[in-house]
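One structure is given below, encoded as C-alpha cells.
Number of protein chains: 2
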Amino acid sequence: MSELLDDAVRELSRLPGIGRRTALRLTLHMLRMDEEEVRRMTAAIDRFRSDIKYCARCNNLSDSDVCTICSDPSRDRSVVCVVEQVGDVLSIENTRQYNGLYHVLGGVISPMQGIAPSDLKIDLLLENIEKGGVKEVILAMSTTVEGETTLFYITRRLARFPDLKVTNIARGIGFGDEIEYADELTIAHALHNRTPVSR
Amino acid sequence: MSELLDDAVRELSRLPGIGRRTALRLTLHMLRMDEEEVRRMTAAIDRFRSDIKYCARCNNLSDSDVCTICSDPSRDRSVVCVVEQVGDVLSIENTRQYNGLYHVLGGVISPMQGIAPSDLKIDLLLENIEKGGVKEVILAMSTTVEGETTLFYITRRLARFPDLKVTNIARGIGFGDEIEYADELTIAHALHNRTPVSR
Chain V
1 MSELLDDAVR ELSRLPGIGR RTALRLTLHM LRMDEEEVRR MTAAIDRFRS
51 DIKYCARCNN LSDSDVCTIC SDPSRDRSVV CVVEQVGDVL SIENTRQYNG
101 LYHVLGGVIS PMQGIAPSDL KIDLLLENIE KGGVKEVILA MSTTVEGETT
151 LFYITRRLAR FPDLKVTNIA RGIGFGDEIE YADELTIAHA LHNRTPVSR
Chain S
200 MSELLDDAVR ELSRLPGIGR RTALRLTLHM LRMDEEEVRR MTAAIDRFRS
250 DIKYCARCNN LSDSDVCTIC SDPSRDRSVV CVVEQVGDVL SIENTRQYNG
300 LYHVLGGVIS PMQGIAPSDL KIDLLLENIE KGGVKEVILA MSTTVEGETT
350 LFYITRRLAR FPDLKVTNIA RGIGFGDEIE YADELTIAHA LHNRTPVSR
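Sequences listed follow chains V and S, in order. The numbering of the first sequence is this note's numbering, which starts it at 1 and goes up by one. The numbering of the second sequence is this note's numbering, which starts it at 200 and goes up by one.
What follows is the structure, given as C-alpha cells:
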C-alpha cells in the first residue's frame, strides 16, 4: 500500500519482541506524534548507538572513557561486583544497596553459541585486581548453565590472588516465589543453606 | 549512568505499550545490532514520518498524491468502504475479500475527546459520491458508542443520495468467540438477525 509504511514496519519489527502487528501499531502511532517528536526519538537512538563508549576500567556503558560509577570518589573501590551485562548493573544499582564498583563481562561462556572466555573481559578484571586495592570480588552470575560455567572459570582464574575474598551472590527462593513452583535444585540449595531465624 | 542511554530509553518509552523496562531492553539490544542497521531503522522511520502523504481521494496513507488502491484500475470503483482509520484498511485488505475502494475518516465523532464531524473527512466522501459512479457505500465502523454515532451521522448525511445503497458490515458473534462471554446486545442482535442454515 505504501513503501514508506512497509519500510518503517519491517525495520521496527527487527527489534526483539516487536512483531509485525506491534510494529504497525507503533508506526501508525507516529503519525499522531509531531514530526519533530519522532525526529527527536530517532536522533536519540542514533546518538546512543554511535557515541556510546565502554568504560576502559569496568566495560560498563559510558558517555566518556571512564564511566560515572568508576569515576565517582564516593564508591568503595575495594569491592568489585562481576556481572554478565550492562542490564545487570542497572538492576543492581536500582536496589541502592551496593556502593562498590562493577565489572561487566559482556556475556557468558557459551560453547553452544561459540563464546569463549577470551571473548569476555576477564583479562581486564585480572589486570584491575593486579593494580591493587581490591579486597573482594562478588560474582553475580545468572544461575544458568552458562552462568555457572563462567562463575567456575573466573573463580579458577582468581585463584592466583590468595588474599582476595571471592563471594557468590546468595541463591535461594526469590521473594514472591512460591515453594510449590520452585525447582528441586533451588529448594535443595535453599534447605542446605538455611539461616537462623532471629527471635 | 549514561545520558545517551537515558535519552534513548526515555524517547522510546513515549511509544504506546513501551514501558521503561521494554525501552531499556530494546535500547541495549541495539548495541548488538550493527550501527548501520540501527541507522537504517531510524532513517526508515524518519522518512515515513516526513514523506508520507494522505491520498487526495480517500485519505488513506500514500506515497504519492493518490494512493495505490485508488489508482489501481482493477478495483471496483462503484463500491466505497468507509473506515475509521488506516489500520482498518490494512485489516480489510488482509482478508483479500474486498475489491472496492476505501474512504478513511481519520477517526470517529467523539464529543468526549472533542472530535466533531468537521474534524473527519466526511465532506470529501460526499464530494466523491457527487462526482458519480458510486453505487454502494459500506459503513465499517467499530461497534463502540463513537463508532455508532459516526455511523448514524454519516447515514443521515448520505440521505441526500436516494439511489445510493448504504450498507453496514454484519454484527454478530465473531469467529472463535464463545456465546457465554458475548455481551447481551451482541447476542440479542445475532438472534434477531439469524440466517437460514443451508441443508
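Beta carbons are placed, not taken as given, at the ideal position from N, Cα and C, and that holds for glycine.
- Listed along chain S, the residues sitting closer than 8 Å to residue 52 of chain V by beta-carbon distance are 201, 203, 204, 230.
- When DSSP reads this structure, residue 44 of chain V sits in no beta bridge, so it has no partner.
- Residues of chain S whose Cβ lies closer than 9 Å to the Cβ of residue 120 of chain V do not exist, since the nearest Cβ in that chain is about 15 Å away.
- At a beta-carbon threshold of 8 Å, the residues of chain S lying near residue 35 of chain V are 248, 249, ordered along the chain.
- In this structure, the alpha-carbon of residue 192 of chain V lies about 53 Å from that of residue 40 of chain V.
- Sorting S:250, S:297, S:280 by C-alpha distance to the C-alpha of residue 328 of chain S places S:280 at the top.
- Under the 8 Å criterion on CB atoms, residue 111 of chain V is classed as non-interfacial with respect to chain S.
- When C-alpha distances from residue 216 of chain S are compared across V:22, V:134, V:61, the shortest belongs to V:22.
- Distance from residue 308 of chain S to residue 349 of chain S at the Cβ level is roughly 5 Å; contact confirmed, criterion being Cβ atoms closer than 8 Å.
- When the alpha-carbon of residue 34 of chain V is set against those of S:266, S:263, S:214, S:352, the nearest one is in S:214.
- Contact annotation: in the segment 76-109 of chain V, residues whose CB is within less than 8 Å of a CB in chain S are 85, 86, 87, 89, 90, 93.
- The beta carbon of residue 24 of chain V sits closer than 7 Å to those of 9, all from its chain and outside the five residues before and after it, given in chain order.
- Judged by beta-carbon spacing, residue 69 of chain V lies within the 8 Å limit of residue 200 of chain S, meaning their Cβ atoms are closer than that value.
- Using a CB distance cut-off of 8 Å, residue 12 of chain V counts as an interface residue toward chain S.
- Rounded to the nearest angstrom, the Cβ distance from residue 147 of chain V to residue 84 of chain V is 7 Å, consistent with a contact under 8 Å.
- The shortest CA-to-CA distance from residue 86 of chain V to any of V:106, V:137, V:74, V:75 is the one to V:106.
- Within chain S, not a single residue places a beta-carbon under 7 Å from that of residue 144 of chain V; the smallest gap is close to 18 Å.
- Note on geometry: alpha-carbon atoms of residue 54 of chain V and residue 125 of chain V lie some 14 Å from one another.
- Where residue 277 of chain S is concerned, there is no enclosing alpha helix (DSSP H), although the beta strand (DSSP E) around it starts and stops at 275-282.
- Using a Cβ-Cβ cut-off of 8 Å, residue 227 of chain S counts as an interface residue toward chain V, since at least one Cβ of chain V sits closer than that to its own.
- Interface flag for residue 270 of chain S against chain V is unset, since no Cβ pair is found closer than 8 Å.
- For residue 253 of chain S, DSSP records a beta bridge to S:260.
- 8 Å or more divides the Cβ of residue 173 of chain V from the Cβ of residue 159 of chain V.
- Residue 135 of chain V is a Cβ neighbour of residue 78 of chain V, given a cutoff of 8 Å.
- At a cut-off of 8 Å between C-beta atoms, residue 197 of chain V does not count as an interface residue with respect to chain S.
- The DSSP assignment places complete alpha helix (DSSP H) segments of no fewer than 4 residues inside the segment 275-354 of chain S at 285-294, 321-329, in order along the chain.
- Contact between residue 299 of chain S and residue 271 of chain S fails: their C-beta atoms lie close to 11 Å from each other, not under 8 Å.
- A straight-line Cα-Cα distance of about 17 Å links residue 5 of chain V and residue 255 of chain S.
- In this structure, residue 157 of chain V and residue 115 of chain V do not form a Cβ contact; the two beta carbons are roughly 16 Å apart against a cut-off of 8 Å.
- Chain-order list of chain S residues neighbouring residue 39 of chain V: 245, by C-beta distance under 7 Å.
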